[in-house]
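The sequence shown begins at -11 in this note's numbering and counts up by one.
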Amino acid sequence: MPDWVKDRTVLVTAAGQGIGRATAIAFTAAGARVIATDINEAALAELTSETGIETRRLDVLDAADIAAAVAAVGPVDVLFNGAGFVHAGSILEMKEEDFEFAMDLNVRSMIRTIRAVLPTMIERGGGAIINMSSVASSIKGVPNRFAYSTTKAAVVGLTKSVAADYVGHGIRCNAICPGTVESPSLQDRMRAQGDYEAARAAFIARQPMGRLGSPEEIADLAVYLANATYTSGQAYAIDGGWTI
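Below is the structure:
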């Protein structure tokens, strides 16, 4: 495996916690210059104090804020799109405003960040884009995840489209599709169900490996994909065997 990411500039969104935080740390360990971004400034301050990673507040719902961040950071070699939100409910239970928010955060935010970094990647002859999707997407139907699954299926589609359009420019675009991963957001969702232990047991029971994934395992795949210079347009399931 080539050590392509060493000394490259990596922009990570949603780096304040969970998978994004682990990914920022993993790319730093791989020798990259990492700019960890999030809307949560307190979480970013904690990340900097613990690791020394360069951080910047970024609202991925704001195209102007994204443009300003990319201009300040300079040429980006690797973009990791980690921002997203999990809505619960079926199509009949979903509120229209929830779907609009899911599309904006889970899909349009990636479009904004890709549009911001892509021209310079093309000028410099290459780059890697890694988008967070989910196995709850076009890969697998999951009950009570209509808005989430629909938007994550869109992420798979936009990933393949960008890959097809720019493969001749040295741009690689891939998607990571996790199963259930230990994260602060998952903890919140389990508590919201009323019986935390029962909810946790149910999440674990559906994993053939008998456990949940860790953010670090997803981060390792992100670094691998950044280094995988002959890979583009793929959606990688990393789900403990859930989709076997």
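Glycine included, every Cβ here is placed at the ideal spot set by N, Cα and C. Owing to the predicted nature of the structure, the values given are computational and were not obtained by experimental measurement.
**Message:** If contacts are defined as beta-carbon pairs under 8 Å, then G115 and L93 qualify, I think. What distance do you get, rounded to the angstrom?
**Reply:** Within the sequence shown, residue 115 is the residue found at index 127, counting from 1. Within the sequence shown, residue 93 is the residue found at index 105, counting from 1. In fact, because the Cβ distance is near 23 Å, the residues do not count as touching under 8 Å.
**Asked** Taking C-alpha atoms, which residue in A33, D86, L35 and Q195 lies nearest to S137?
**Response** Numbered from 1 along the sequence shown, position 149 holds the residue referred to as residue 137. It is D86 whose Cα lies nearest to the Cα of S137.
**First through last residue of the alpha helix (DSSP H) which encompasses T25** = The count along the sequence shown starts at 1 and reaches residue 25 at position 37. Run containing T25: none in the alpha helix (DSSP H); it sits in the beta strand (DSSP E), R21 to D26.
**Item:** alpha helix (DSSP H) segment containing V130, residue limits
**Value:** As a first step, residue 130 must be located in the sequence shown, where it is residue number 142. Where V130 is concerned, there is no enclosing alpha helix (DSSP H), given that its DSSP letter is neither H nor E.
**Request:** With DSSP as the reference, please indicate the residues paired to L67 in a beta bridge.
**Result:** For this step, residue 67 is matched to residue 79 along the sequence shown. L67 is bridged to L(-1) and I117.
**Message:** Taking the alpha-carbon of P166 as reference, which of T231, H157 and R96 has the nearest alpha-carbon?
**Reply:** What you label residue 166 is simply residue 178 of the sequence shown in a count that begins at 1. When the alpha-carbon of P166 is set against those of T231, H157 and R96, the nearest one is in T231.
**Beta-bridge pairing of P166 - partner residues as DSSP gives them** = Sequence index remark: in the sequence shown, residue 166 carries index 178 (1-based). Paired residue(s): I226.
**Prompt:** Quick one: what does DSSP say G77 is sitting in, helix, strand or coil?
**Reply:** Residue mapping note: residue 77 aligns to position 89 of the sequence shown, counting from 1. DSSP, read as helix, strand or coil, puts G77 in strand.
**Request:** Keeping to the same chain, check which residues put their C-beta closer than 7 Å to that of A152; ignore five residues upstream and five downstream.
**Result:** For this step, residue 152 is matched to residue 164 along the sequence shown. G221, listed in sequence order.
**Item:** Cβ-based neighbour list, Q5, same chain, cut-off 6 Å, excluding 5 preceding and 5 following
**Value:** As a first step, residue 5 must be located in the sequence shown, where it is residue number 17. In its chain, beyond the 5 residues on either side, A31 and P172 have a beta carbon closer than 6 Å to the beta carbon of Q5.
**Message:** With the cut-off set at 8 Å, would you say T11 and A210 are in Cβ contact?
**Reply:** Translated into positions along the sequence shown, residue 11 becomes position 23. Translated into positions along the sequence shown, residue 210 becomes position 222. Closer than 8 Å, so yes.
**Message:** Could you compute how far the alpha carbon of I226 sits from the alpha carbon of A17?
**Reply:** Stepping through the sequence shown from its first residue, residue 226 is reached at position 238. Stepping through the sequence shown from its first residue, residue 17 is reached at position 29. Roughly 21 Å separates the two Cα atoms.
**Request:** Measure how close the beta-carbons of T25 and A3 come, nearest whole angstrom, since I'm counting them as under 8 Å.
**Result:** Reading the sequence shown from its first residue, position 37 is the one you call residue 25. Reading the sequence shown from its first residue, position 15 is the one you call residue 3. About 6 Å separates the two Cβ atoms, so the contact holds.
**Whether G198 touches V169 by CB criterion (8 Å)** = For this step, residue 198 is matched to residue 210 along the sequence shown. For this step, residue 169 is matched to residue 181 along the sequence shown. Contact: no.
**G201 - DSSP class collapsed to helix/strand/coil** = Mapped onto the sequence shown, residue 201 falls at position 213. Judged by DSSP in its simplified three-state form, G201 adopts strand.
**Request:** Name the residue from F15, G19, R44 and T39 whose alpha carbon lies nearest to the alpha carbon of I27.
**Result:** If you number the sequence shown from 1, residue 27 lands on position 39. Closest option to I27, Cα to Cα, is R44.
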